[in-house]
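Enquirer: Residue numbers (my numbering): 297 to 677.
C-beta atoms are modelled at their ideal positions from N, C-alpha and C, and glycine is treated no differently.
This structure is a prediction, so every number in the text was calculated from the model and none was measured.
One structure follows; several queries about it will come next.
Take a look at the structure:
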């Protein structure tokens with residue numbers, strides 16, 4: 297099959313690139329790698345103010361809404377003439393659409409794409425609630441008008457794949473999320489006297505930090521012998537004041553510190569400084585980029601809730617999973633890994649080795665292969 301040497305690729309995303317959420321990380325990490333390989337990469341996105349990213353085309357105004365236990369911005373109707381003008385000028389070989397998508401931006405881009413442009417989609421979500429599931433089923437009915445135009449549809453995990461099949465009635469192949477493996481594995485480990493437990497994520501109900509704090513209360517009152525440890529919580533969100541009040545009310549202030557917002561540039565060093573990283577998300581995870589970031593650091597035992605997205609990452613080492621929404625399960629798991637340096641070391645070695653498969657150089661090459669397949673099929677049709 298003939299392969300295109302250099303492609304012009306447009307990443308289509310209804311949301312803004314101003315936030316450091318999972319889908320944004322995905323397209324920016326892959327896009328940066330593709331540019332380094334000589335491909336031309338553009339971002340066709342919702343309202344974005346960042347100026348540090350080349351080739352950003354902000355094509356809509358957006359409004360903020362609550363969705364899937366998070367906040368996201370959704371586009372208002374985009375200017376169809378502006379979309380057509382951009383597509384005519386850039387002559388994209390491939391448009392890679394992040395799914396599910398809105399009719400008002402991505403839907404209009406798909407409808408306006410010339411027949412010569414291959415369209416690839418990737419599903420990124422797993423619903424957090426029945427309400428979200430119902431809303432996306434309604435979106436799926438509309439999306440049937442445009443999904444027939446796709447040349448290939450992918451999912452980042454088995455959880456996202458199941459969602460695509462159940463809600464959109466679409467079969468998809470799995471090509472996983474990505475990280476820049478060297479960026480995380482090369483971070484310097486900062487010495488510290490106490491064993492360090494890390495939580496990094498938004499301080500919202502879905503991310504489950506409250507269960508970690510409850511687990512600490514259980515541990516401290518259990519009477520079991522514990523090594524000296526500290527807990528570092530990185531992130532911000534609506535539960536911040538409530539979580540801090542819990543720490544004060546339960547005499548945990550000597551153990552727990554809150555960092556607030558953590559910049560992307562500071563994450564590798566933070567992961568490298570932890571002995572145990574804990575991710576107790578209650579659901580709505582299609583994958584778990586935070587897991588593979590922490591795993592790649594090679595510094596910590598990565599423990600996480602057994603929701604479908606996290607399970608898809610950790611399934612070859614289920615001992616690192618604990619029951620969702622269970623402070624008792626977290627406490628038991630923490631005790632095991634606080635008490636045993638051998639268990640921590642084994643988990644660290646496994647995690648760093650396992651995370652290599654998600655390196656952008658490996659996954660990016662798979663994506664380029666799919667882009668070329670899609671383009672070849674389109675040119676034959």
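#1: Keeping to the same chain, check which residues put their C-beta closer than 7 Å to that of residue 466; ignore five residues upstream and five downstream.
#2: So, is residue 297 buried or exposed, given that buried needs 16 or more other C-beta atoms within 10 angstroms?
#3: Return the first residue and the last residue of the alpha helix (DSSP H) that residue 325 is part of.
#4: Between residue 416 and residue 325, is the Cβ-Cβ spacing less than 7 Å?
#5: Per DSSP, what kind of secondary structure is residue 471 in: helix, strand or coil?
#6: Considering only C-alpha positions, which residue in the set 665, 550 and 321 is nearest to residue 420?
#7: Which value, in whole angstroms, describes the spacing of the CA atoms of residue 613 and residue 566?
#8: Go through its chain and collect everything with a Cβ distance to residue 486's Cβ below 6 Å, but skip five positions before and after it.
#9: Given this structure, state the Cα-to-Cα distance separating residue 660 from residue 329, to the nearest angstrom.
#10: Any contact between the stretch 547-555 and the stretch 523-531? By contact I mean 3 or more CB pairs, one from each, below 8 Å.
#11: Decide yes or no for the touch test of the stretch 627-637 against the stretch 575-594: beta carbon pairs closer than 8 Å, at least 3 of them.
#12: Using a Cβ distance threshold of 8 Å, determine whether the stretch 591-600 contacts the stretch 639-650, with at least three qualifying pairs required.
#13: DSSP on residue 530, reduced to helix/strand/coil?
#14: So, residue 578 versus residue 504, is the Cβ gap smaller than 7 Å?
#15: For residue 394, count neighbouring C-beta atoms within 10 Å of its own C-beta (all shown protein chains included) and say buried if the count is 16 or more, exposed if not.
#16: Does DSSP classify residue 459 as helix, strand or coil?
#17: Over the uninterrupted beta strand (DSSP E) stretch that includes residue 572, give me the two end residues.
#18: If I measure Cβ to Cβ from residue 308 and keep anything under 7 Å in the same chain, skipping five residues before and after, which residues do I get?
#19: Can you name the residues that DSSP bridges to residue 392?
#20: Is the stretch 432-441 touching the stretch 450-457 in the sense that three or more CB pairs, one from each, lie closer than 8 Å?
#21: Relative to the C-alpha of residue 681, which candidate in 350, 379 and 388 has its C-alpha closest?
Expert: Quick look at the numbers:
#1: 443, 449 and 460
#2: Reliability fails at residue 297, whose pLDDT of 41 lies under 50, so the model's placement of it is uncertain and no value is given.
#3: 318-332
#4: no
#5: coil
#6: 321
#7: 23 Å
#8: 569
#9: 7 Å
#10: yes
#11: no
#12: yes
#13: strand
#14: yes
#15: buried
#16: helix
#17: 572-575
#18: 340, 391, 392, 393, 394, 402 and 405
#19: 307 and 416
#20: no
#21: In the structure as shown, the chain starts at 297 and stops at 677, and residue 681 therefore has no counterpart that could be examined.
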